[in-house]
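**Student:** One structure follows; several queries about it will come next.
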Amino acid sequence: MSTYTAKRLPRQTAAAGWNAILPPQDPLPVLEQDLTADVTIIGGGFAGLSAARRLHQLDPSLKVAVLEAGKFAEGSAGRNSGFMIDLPHDLASDNYAGDALDADRAAIAMNRQAIRFAKGIAEDCALPQELFDPAGKINAAATRAGDRHNRDFAAHLKRLDEPHTLYSQAEMQALTGSPHYTSGLYAPGTVMIQPAGYIRALSAHLAGQIRVFENTPATGFEKQGNGWVVATPKGRISTGRIILANNGHLESFGFYQRRLMHICLYASMTERLTPEQIKRLGGEARWSVTPSDPVGTSVRRISGSYGDRILIRTCASFHPTIETSRMRLRNAGWVHDRKFRERFPHLEDVRMEHRWAGMLCLSRNGSAAFGELDHGVYSACCQNGLGIARGTLQGMGAAELLLQGGSDIASHFLAQPEPPKLPPEPFASLGANTYLMWKEWRSGKE
Ligand SMILES: Cc1cc2nc3c(=O)[nH]c(=O)nc-3n(C[C@H](O)[C@H](O)[C@H](O)COP(=O)(O)OP(=O)(O)OC[C@H]3O[C@@H](n4cnc5c(N)ncnc54)[C@H](O)[C@@H]3O)c2cc1C
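For the sequence shown, the positions run 6 to 451 when my numbering is used.
Listed below in C-alpha cells is the structure:
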C-alpha cells in the first residue's frame, strides 16, 4: 500500500508585505470534518489555484477541494515581486542558434497562454488595475556590462519579432526618479500583479465554486481502494485523484528527493511615501524594473489605494530545509537598505515598513517536476523562478492531464528531461551558497 507522509510543512519568515498592506480579509474555512472529493489539490499558490480553476472550467460538476497549509497569500504566491513575465529568463544567451529561437518562441507562447488565463481571472474577480496591470516591465542596467546585456537582449528580441524600446539614462531617470540606471529595455508583455491581492481574490472566487480550505496542511496521503485518503490535522478527504501543487514541498512527501533546489529570496517594502517625498522622488507613479544581471536587484514603485511605496528585492540563499532564518532576513534587510540608498539618495528619510523572505524551487536543468507520480497522483511543481506564469501554466497543464489525458501544455512539461540529482550535503549547500554570494558580489551595482 502506498503511503506518503509530509516530513516538513511550510514555515514562513515574517509577514508578506503585499498581504500586510491590504485590508483585513475574511478567513476561508479550515477543514474540520471528513469529506469526499473527486480531486484534491495540495497547495494554494499559482499552480494549485490555477489547477482548481481549470478543472472547474473543464467539468463544473467535478468535486474539487484545495488544501492550503497556511493562509492564502501568505505563501510564496503572495510574497513575490509580482512580475508575470511572458519572455524566458535568459534571452541573451551566447548560443543563439535557430533551435534556440524556436524554443524561445514556444516558451513565450506558453507564458502568454498563462497570462491570458490570468486575465480571465482578473476579469471574473473584477481586479482593479493596481492589482493586475498589463504595464510591461523594464530590464534596467546600472553598469556598462548591463548596458551591453540590454543591447544583446534587444537584438534577440528583434530576431524574435518582439516589440521593445531601449531607454537612455535620462529616460530612465525621468521614469523612475533615480539617477542610478544607465539604460533600460522596455518590453510590453509582462503583467504586474499585486500578488497577495490576486491570490486572495482568486481563492475567494473559487470558494464560491469548489471547496477551498486554508490553515489546512496535508500531512500525508495513502492509497485506499481505487483512490486516496488525504490526512489533515482535523479531517480527512477520500479522493479519487490528487494534484500536488506545493512546489518545493513536493520533496517533503518523498518525491524528487535531492533533485530540487530550495532557494530563498528576500524583499523589503517602504512605508507610504508622503506627498513631499513623492515630489522629491519624481518620476512616474508606477514602474517595474528587473535587473539586467539576473542576480541583481528588482525594484518596483506602486501607487494607489495601498500607498505610494517602493519594493526592493535582492539576495538569495539555498536551504535544503525549505526555510530560512530571521538572521538571514535581517542581513538581507541591510543589503536592501544599501541598494535603496544607492538608487534613491534623495529619499534618505524613507524607512522600510515590511521585510520578508520566501522560498522558490529550481532544478539544475530548469525542468519542472510535472506529471503523474503515482496512480492518480499528479505533480505541478518546480517553477524555476518564473513561478507566476509557469505555476499558472503547470496548474492548467496538470488539470488537463488529469481530465483529458494530455494537452499542449502538459506535453510541453512532460517532454522536459528529469531534474538531475544535486551533490550530497553539505557540498550542495556550501557550493550553492558560495555561488550565490559570488554572483551577487559580481552583479555589483545591478
Ligand atoms: C521574494 C520573491 C520574489 C519573487 N518574484 C517573482 C516574480 O516577480 N515573478 C515570478 O514569476 N516569480 C517570482 N517569485 C517566485 C514565485 O513566487 C514562485 O515561483 C511561485 O509562488 C510558485 O508558485 P507555486 O504555486 O508553484 O508555489 P507556491 O506559491 O509556493 O504555492 C505552494 C503552496 O503550497 C502550500 N503547501 C506546501 N506544503 C503543503 C501541504 N503539505 N499542505 C497544504 N499546502 C501546502 C504552501 O503553503 C504554498 O502556499 C518570487 C519569489 C519570492 C520569494
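Virtual Cβ for every residue (Gly too), placed ideally from N, Cα, C.
Relative to the alpha-carbon of Lys76, which residue among Leu33, Val294 and Ala250 has its alpha-carbon at the smallest distance?
**Tutor:** Locating residue 76 in the sequence shown gives position 71, where the first residue counts as 1. Among Leu33, Val294 and Ala250, the Cα nearest to that of Lys76 belongs to Leu33.
**Student:** Straight-line CA distance for Ser98 to Asn220?
**Tutor:** Residue numbering aside, residue 98 sits at position 93 when the sequence shown is read from its first letter. Residue numbering aside, residue 220 sits at position 215 when the sequence shown is read from its first letter. Reliability of the predicted coordinates at Ser98 is poor, the pLDDT of 48 falling under 50, and no value is obtained from them.
**Student:** Nearer than 7 Å: is that true of the beta carbon of His254 relative to any heavy atom of ligand 1?
**Tutor:** Here the question's residue 254 lines up with position 249 in the sequence shown. Flag set: Cβ of His254 near ligand 1.
**Student:** Under 8 Å, do Leu352 and Arg285 count as touching if we go by C-beta distance?
**Tutor:** Walking along the sequence shown from the start, residue 352 turns up at place 347. Walking along the sequence shown from the start, residue 285 turns up at place 280. Yes, they are a contact pair.
**Student:** Assign Ser98 to one of three DSSP states: helix, strand, or coil.
**Tutor:** Residue 98 sits at position 93 when you count from the first residue of the sequence shown. For Ser98, the predicted model reports a pLDDT of 48, less than 50, meaning its position is unreliable; a value from the coordinates is still stated below. If DSSP states are grouped into helix, strand and coil, Ser98 belongs with coil.
**Student:** Kindly provide the ranges of any alpha helix (DSSP H) runs that are 4 or more residues long and lie completely inside the stretch 374–420, ordered along the chain.
**Tutor:** The qualifying runs are 392–409 and 413–419.
**Student:** Just the Cα atoms here: how many angstroms apart are Asn100 and Gly436?
**Tutor:** Here residue 100 corresponds to residue number 95 of the sequence shown, with the count starting at 1. Here residue 436 corresponds to residue number 431 of the sequence shown, with the count starting at 1. Confidence is the limiting factor: at Asn100 the pLDDT is only 47, short of 50, which leaves the residue's position unreliable and the question unanswerable from this model.
**Student:** What does DSSP give as the partner residue(s) for Met364 in the beta ladder?
**Tutor:** Your numbering for residue 364 matches position 359 in the sequence shown. Cys269, per the DSSP bridge assignment.
**Student:** Is it the case that the CB of Ala42 approaches a heavy atom of ligand 1 more closely than 7 Å?
**Tutor:** In the sequence shown, the residue the question calls residue 42 occupies position 37. Incorrect: Ala42 has no Cβ contact closer than 7 Å to ligand 1.
**Student:** Spatial neighbours of Arg356 within its chain, please: C-beta separation below 6 Å, excluding the five flanking residues on both sides.
**Tutor:** Position 351 of the sequence shown, counted from the first residue, corresponds to residue 356. Only Glu276 meet the Cβ criterion.
**Student:** Any contact between the stretch 107–118 and the stretch 385–404? By contact I mean 3 or more CB pairs, one from each, below 8 Å.
**Tutor:** Yes: the two stretches touch, three or more of their Cβ pairs being nearer than 8 Å.
**Student:** Considering only the beta carbon of each residue, do Leu334 and Gly376 sit closer than 8 Å?
**Tutor:** Taking the first residue of the sequence shown as position 1, residue 334 is located at position 329. Taking the first residue of the sequence shown as position 1, residue 376 is located at position 371. No, the pair does not count as a contact, with Cβ atoms beyond the cut-off.
**Student:** Any heavy atom of ligand 3 closer than 7 Å to the beta-carbon of Asn251?
**Tutor:** Ligand 3 is not part of this structure, which contains only ligand 1.
**Student:** With a 10 Å radius around its C-beta and 16 neighbouring C-beta atoms as the bar for buried, classify Leu106 as buried or exposed.
**Tutor:** In the sequence shown, the residue the question calls residue 106 occupies position 101. Exposed: under 16 other Cβ atoms inside 10 Å.
**Student:** Between which two residues does the beta strand (DSSP E) holding Thr221 run?
**Tutor:** Within the sequence shown, the letter at position 216 stands for residue 221. Where Thr221 is concerned, there is no enclosing beta strand (DSSP E), given that its DSSP letter is neither H nor E.
**Student:** Taking 8 Å as the limit between beta carbons, can you name the residues of its chain near Gln262, skipping five residues before and five after?
**Tutor:** As a first step, residue 262 is located in the sequence shown; it is residue number 257 there, counting from the start. These residues qualify, in order along the chain: Glu256.
**Student:** Let me know if Gly411 comes out buried or exposed under the rule of 16 or more other beta-carbons within 10 Å of its beta-carbon.
**Tutor:** Position 406 of the sequence shown, counted from the start, is the residue given in the question as residue 411. So Gly411 ends up on the exposed side.
**Student:** Taking Asn252 as the reference, give the member of Tyr311, Gly400 and Phe88 with the closest Cα.
**Tutor:** Within the sequence shown, residue 252 is the residue found at index 247, counting from 1. Considering only alpha carbons, the answer is Gly400.
**Student:** Measure from the alpha carbon of Ala140 to the alpha carbon of each residue in Arg291, Leu441 and Asp31, then state which is nearest.
**Tutor:** Start at 1 with the first residue of the sequence shown, and residue 140 comes out as number 135. Of the listed residues, the one whose Cα sits closest to Ala140 is Arg291.
**Student:** Run through the DSSP bridge pairs and tell me what Phe137 is partnered with.
**Tutor:** Position 132 of the sequence shown, counting from 1, holds the residue named residue 137. Phe137 pairs with Ile198.
**Student:** Can you tell me which of the three DSSP states Pro350 falls into?
**Tutor:** The residue given as residue 350 occupies position 345 in the sequence shown. If DSSP states are grouped into helix, strand and coil, Pro350 belongs with the helices.
**Student:** Indicate whether the contact test is met: 3 or more Cβ pairs, each with one atom in the stretch 190–200 and one in the stretch 136–152, closer than 8 Å.
**Tutor:** Yes: at least three Cβ pairs fall under 8 Å.
**Student:** Run through the DSSP bridge pairs and tell me what Gly189 is partnered with.
**Tutor:** Within the sequence shown, numbered from 1, the residue matching residue 189 stands at position 184. According to DSSP, Gly189 bridges with Ala145 and Tyr172.
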